[in-house]
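S.K.: Provided herewith is a single structure, encoded as structure tokens, for subsequent inquiry.
Numbering (my numbering), first residue to last: 3 to 365.
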């Protein structure tokens, strides 16, 4: 089956970065290829078992993938109970937690303090005579200057409370401060959390390159090994699972775009230092290398229109899971132009890159 063969090729390059794409693919499916359990499920399970065991998805996350993984890991054990190379069983939570809304907590204490303070102010204002003391002293023979002093004193008493010690005003200020506590910090904190959860395509360092040499991997019938010139002075060694989609002759001298700020990793025993970006159909039966615009210089940075910023270091990409956050939105639009869904397309100085498959995933 072509679909099974495509998934076998995909399993050779699978890493934790692809779990989000698998989750989306499995949203309406029980198995990867067709309606029945197949070798495709077994191959992809073995390819991702170590990554899932090391970092299982959090509760309520990637539920479609977790459902599929849980089903396959138990089915494999039923079919081959005596196999000695089976990965360990990974306990997964395949149910989404249900959020139970709690009634909003009313700041009763704060409101009560504010109301009490307001009542105290009103009572103090009513009890203080408006200029009465000054009038009495004038009538008893006090000088006009003394009367003015008394009026000022009584005016202050009316404002701060009958005893003039400021207790009522202090209570009102404290009540207002308590009622407003936390209002200013809630919105910025929520915005920061949302920004951290979203991917930032400006942190991806994508460069124009040329394959100067390509050869078939000696131990894998799915992989090409390539030396790619990215204008760095030394060619990059990169492995790509493209042998099912391109001939060796088609790979030689081909212009590509490469995700260059990934940590090197071993793929089939070959140290790969980067990723050739390709567009693939949802069932992975069609894969096309993303091509840079004609005339783009080797080493030129490929950016997403509408974004700007310096790329992250390979260590930051790994630690902050930047690629994992971006992968679900790396897609081609209806014209086959690759980019970041809802933001913009990959381009070099305004000229777009091309992948020719509309609505495809890019990785």
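We put the beta carbon where it would ideally sit given N, CA and C, even for glycine.
Quick check on residue 201: buried or exposed, where buried means 16 or more other Cβ atoms within 10 Å of its Cβ?
M.R.: Residue 201 comes out buried.
S.K.: Using three-state DSSP, classify residue 204 as helix, strand or coil.
M.R.: Three-state DSSP puts residue 204 in a helix.
S.K.: With DSSP as the reference, identify every bridge partner of residue 277, one or two as the case may be.
M.R.: According to DSSP, residue 277 bridges with 261.
S.K.: Grab the span of the beta strand (DSSP E) containing residue 23 for me, first residue to last.
M.R.: Looking at the DSSP string, residue 23 is not in any beta strand (DSSP E); the run it does join, the alpha helix (DSSP H), is 21–27.
S.K.: State the start and end residues of the unbroken beta strand (DSSP E) segment that holds residue 342.
M.R.: Residues 340–342.
S.K.: Under the assumption that residue 39 contacts residue 77 (Cβ atoms under 8 Å), give the Cβ distance between them as a whole number of angstroms.
M.R.: Confirmed, about 6 Å.
S.K.: Spatial neighbours of residue 190 within its chain, please: CB distance less than 6 Å, with the 5 preceding and 5 following residues excluded, ordered by chain position.
M.R.: Only weak support is given to the placement of residue 190: the predicted model assigns it a pLDDT of 48, under 50, and the value that follows is read from those uncertain coordinates. Result list for residue 190: empty, nothing under 6 Å.
S.K.: Entirely within the stretch 263–324 and at least 4 residues each: give me those alpha helix (DSSP H) ranges in chain order.
M.R.: You should have 316–321.
S.K.: How far does the alpha helix (DSSP H) with residue 252 in it reach, from first residue to last?
M.R.: From DSSP, the alpha helix (DSSP H) with residue 252 extends over 250–253.
S.K.: According to DSSP, simplified to helix, strand and coil, what is residue 345?
M.R.: Residue state, collapsed to three classes: coil.
S.K.: Suppose contacts are defined by Cβ-Cβ distances below 8 Å. Is residue 215 in contact with residue 228 by that definition?
M.R.: Cβ atoms of residue 215 and residue 228: closer than 8 Å.
S.K.: Using alpha carbons as the reference points, say which of 91, 34, 70 and 79 lies closest to residue 56.
M.R.: Ranking 91, 34, 70 and 79 by Cα distance to residue 56 puts 91 first.
S.K.: In whole angstroms, what separates the C-alpha of residue 288 from that of residue 338?
M.R.: C-alpha separation (whole angstroms): 13 Å.
S.K.: From the DSSP output, in three-state form, read off residue 33 for me.
M.R.: Residue state, collapsed to three classes: coil.
S.K.: Roughly how many angstroms lie between the CA atoms of residue 316 and residue 306, to the nearest whole one?
M.R.: So the two alpha carbons sit approximately 19 Å from each other.
S.K.: Buried or exposed: which applies to residue 28, given that a residue is buried once 16 or more other Cβ atoms fall within 10 Å of its Cβ?
M.R.: The residue is buried, with at least 16 neighbouring Cβ atoms inside 10 Å.
S.K.: Need the endpoints of the beta strand (DSSP E) that residue 238 sits in, please.
M.R.: That run of the beta strand (DSSP E) goes 238–242.
S.K.: Just curious, the alpha helix (DSSP H) that residue 332 is in, first and last residue?
M.R.: Run containing residue 332: none in the alpha helix (DSSP H); it sits in the beta strand (DSSP E), 332–334.
S.K.: Looking only at C-alpha atoms, which of 45, 82 and 298 sits nearest to residue 209?
M.R.: Of 45, 82 and 298, the residue nearest in Cα terms is 298.
S.K.: Where residue 356 and residue 256 are concerned, what is the direct C-alpha to C-alpha distance, given to the nearest angstrom?
M.R.: Each residue's alpha carbon lies about 14 Å from the other.
S.K.: Hey, out of 275, 302 and 358, whose CA is closest to residue 350's CA?
M.R.: Taking only the C-alpha atoms, the option nearest residue 350 is 302.
S.K.: Using a Cβ-Cβ distance cut-off of 8 Å, determine whether residue 68 contacts chain D.
M.R.: Chain labels in this structure do not include chain D; a single protein chain is all it has.
S.K.: Quick one, which of 364, 205 and 43 has its alpha-carbon nearest residue 6's?
M.R.: Checked all of 364, 205 and 43; the closest Cα to residue 6 is 43.
S.K.: Just to check my reading of the structure: residue 243 and residue 225 have Cβ atoms closer than 8 Å, yes? What is that Cβ distance to the nearest angstrom?
M.R.: Contact flag correct, Cβ pair sits at about 6 Å.
S.K.: Does the Cβ of residue 64 have 16 or more other Cβ atoms within 10 Å, making it buried, or fewer, making it exposed?
M.R.: The residue in question, residue 64, is buried, as its Cβ has 16 or more Cβ neighbours within 10 Å.
S.K.: Who are the Cβ neighbours of residue 81 in its own chain at under 7 Å, not counting the five residues just before and after it?
M.R.: Result list for residue 81: empty, nothing under 7 Å.
S.K.: With which residues is residue 215 paired in a DSSP beta bridge?
M.R.: Residue 215 is bridged to 229.
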